[in-house]
Amino acid sequence: MSAFLLTTTLLAQKVDLDRYSFSVSYRSLPSVEIDTSFHTFQFDWDAGPLMKLSTMKDRPEEALEIEGWRRLTTGAHITVQLRMEDIIIMKSDVSQREETLKDKNGNVTGKRNWYAPLLTYTYAARVLVKDHKGVQLQQYQAVSRETQHTYKGTEYPSRSAAANILLNMMTVTTTLSRDVLYDNIQRLTNSLSRQYGYGELNVTDQVWILDSRKHPEYEKFRANWAIIKNALFRLNPNEPVDDVKEEVKPAVAYFEKVRKRYNSSSKSDRKLRYASHYLLAKMYYYLDEPDLAVKEATDLVLNDYDSKDGRYLESAAFNLKQLLNMNKRKTRHFPLDITSFQGPRADLLYSVQ
21 MSAFLLTTTL LAQKVDLDRY SFSVSYRSLP SVEIDTSFHT FQFDWDAGPL
71 MKLSTMKDRP EEALEIEGWR RLTTGAHITV QLRMEDIIIM KSDVSQREET
121 LKDKNGNVTG KRNWYAPLLT YTYAARVLVK DHKGVQLQQY QAVSRETQHT
171 YKGTEYPSRS AAANILLNMM TVTTTLSRDV LYDNIQRLTN SLSRQYGYGE
221 LNVTDQVWIL DSRKHPEYEK FRANWAIIKN ALFRLNPNEP VDDVKEEVKP
271 AVAYFEKVRK RYNSSSKSDR KLRYASHYLL AKMYYYLDEP DLAVKEATDL
321 VLNDYDSKDG RYLESAAFNL KQLLNMNKRK TRHFPLDITS FQGPRADLLY
371 SVQ
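Letter by letter, the sequence shown follows residues 21 to 373 in this note's numbering.
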């Protein structure tokens, strides 16, 4: 009888949970559907005469990047076209900013004015992406003439100094044109990398772990979480996850056993099971096992403690499964030798040989 009471007391221990951060790395996959054999691109751009003049000594065609893709000068899987129209100055002015001067004690000692050249301008940009067969992948107006933009130059202590900058409008607009072009190329790089890229990502995420020192599972719970955390930390976007999956098996077995032992409907037991389901769902997600992640998330919902977290984890796992299926991959951890990628014509010649 006394042994039964002791066991009951242990199992009824108060359960406090604490957030714990961990880091993990993986490779992003294209978020929109595209032929999975496509890995090369070429960039063609055109612009108005002033914008072309501003880049006479540059090579803007080499500025565009897509993560995980190789840029070719011609004969690539896809062609990205950027068409820029010259900027038009709508208004020029001098802005004024008042600075409050203070001594080392924070007392106001005076004021000082700063002046800067200010331009209001418009331009237009259009993007077209097509594959090597001429099929249009996307086309859109990136920037419209209807949108006005503001340029603020360097500040000067006198209004006349700032106004003098505007007297040499050709120099100002040439510099501004170059900046506008490269800003649009950078935005295009970011957009295409999100849509088609294979970037290497390092993210920080969180789980819930047992934080009740008097609980009989305190040490084992945290030790087994440490096994998983350290294994996830060693994930490399360029390497398979097989070894890591083997490494975490003892910890997985522990958390599955804990759930069976603490199986009552008490809040303490439900919290402990919640933490176990939560961290295993996160682990399976980052090990590219969406089906197992869904199972843990669904069990978390049925556990009836913070069920909304389970529904969120379910959704994330479903989305991962769809992403992997769309890209015809089983994992987000694989090597990419970008320098070896060839265009479709080279692929055809190689296959004929």
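For every residue, glycine included, the Cβ atom is placed at its ideal position computed from N, Cα and C.
- When secondary structure is reduced to three states using DSSP, T351 falls in the coil class, being assigned neither helix nor strand.
- Sequence-distant partners of D106 (beyond 5 residues in either direction) whose C-beta falls short of 8 Å from its own C-beta, in its chain, are A67, G68, P69, L70, M71, Y143, S197.
- Here E166 is actually not in contact with Y135; their C-beta atoms are around 30 Å apart, not less than 8 Å.
- DSSP, read as helix, strand or coil, puts S327 in helix.
- Distances from the CA of E81 to each of L208, D113, Y282 were compared; the closest alpha carbon is that of L208.
- Between the stretch 295-305 and the stretch 266-280 there are three or more C-beta pairs closer than 8 Å, enough to call the two in contact.
- Residue pairing by DSSP leaves W89 without any beta bridge partner.
- Rounded to the nearest angstrom, the gap between the Cα atoms of D123 and T129 is 6 Å.
- Among the bridge pairs identified by DSSP, N222 is matched with S45.
- Going by DSSP, P137 is part of the beta strand (DSSP E) stretching over 128-151.
- Here T193 is buried: its Cβ has 16 or more other Cβ atoms, across all protein chains shown, within 10 Å.
- If you draw a straight line from the Cα of Y202 to the Cα of R47, it comes to about 27 Å.
- Annotated as distal: K249 and V35, with beta-carbon spacing of 7 Å or more.
- The three-state secondary structure of A83, taken from DSSP, is coil.
- Here the alpha carbon of R91 sits roughly 17 Å from the alpha carbon of P50.
- With fewer than three CB-CB distances shorter than 8 Å, the stretch 245-264 does not count as touching the stretch 183-191.
- Here DSSP, grouped into helix, strand and coil, assigns H59 to coil.
- Secondary structure in the stretch 255-282: no beta strand (DSSP E) run of 3 residues or longer lies completely within the stretch.
- One Cα belongs to N222, the other to L307, and the distance between them is close to 14 Å.
- The way I'd put it, the stretch 50-66 doesn't touch the stretch 316-334; fewer than three beta-carbon pairs between them come closer than 8 Å.
- In the structure shown, M104 adopts extended strand secondary structure according to DSSP, grouped into three states.
- The Cβ atoms of S115 and L138 sit closer than 7 Å to each other.
- No residue range can be given for T359, since it is assigned to no alpha helix (DSSP H) and is classified by DSSP as neither H nor E.
- For the alpha helix (DSSP H) assignment, the uninterrupted runs of no fewer than 4 residues enclosed by the stretch 174-233 are, from N- to C-terminal side, 179-187, 189-216.
- Inclusion of V100 and V155 in the CB contact set at 7 Å is not warranted, their separation being larger than that value.
- DSSP places L157 in no alpha helix (DSSP H) but in the uninterrupted beta strand (DSSP E) bounded by 156-163.
- Annotation for R279: R293, S296 place their beta carbon closer than 6 Å to its own, counting only its chain and skipping 5 residues before and after.
- Contact between the stretch 237-244 and the stretch 331-344 is absent, with fewer than three C-beta pairs closer than 8 Å.
- Measuring C-alpha to C-alpha distances from N256 to each of H235, V44, L37 identifies V44 as the nearest.
- Distance from A96 to I205 at the Cβ level is roughly 17 Å; contact not present, criterion being Cβ atoms closer than 8 Å.
- Residue environment for G217: buried (at least 16 other C-beta atoms within 10 angstroms of its C-beta).
- If you look at H169, you'll find it in the beta strand (DSSP E) that goes 169-172.
- Here Q116 carries a strand assignment [DSSP, helix/strand/coil].
- Taken through DSSP and simplified to helix, strand or coil, L37 comes out as strand.
- Membership of L252 in the alpha helix (DSSP H) is indicated by the continuous run 238-253.
- For Q168 and D262, the gap between their C-alpha atoms comes out near 53 Å.
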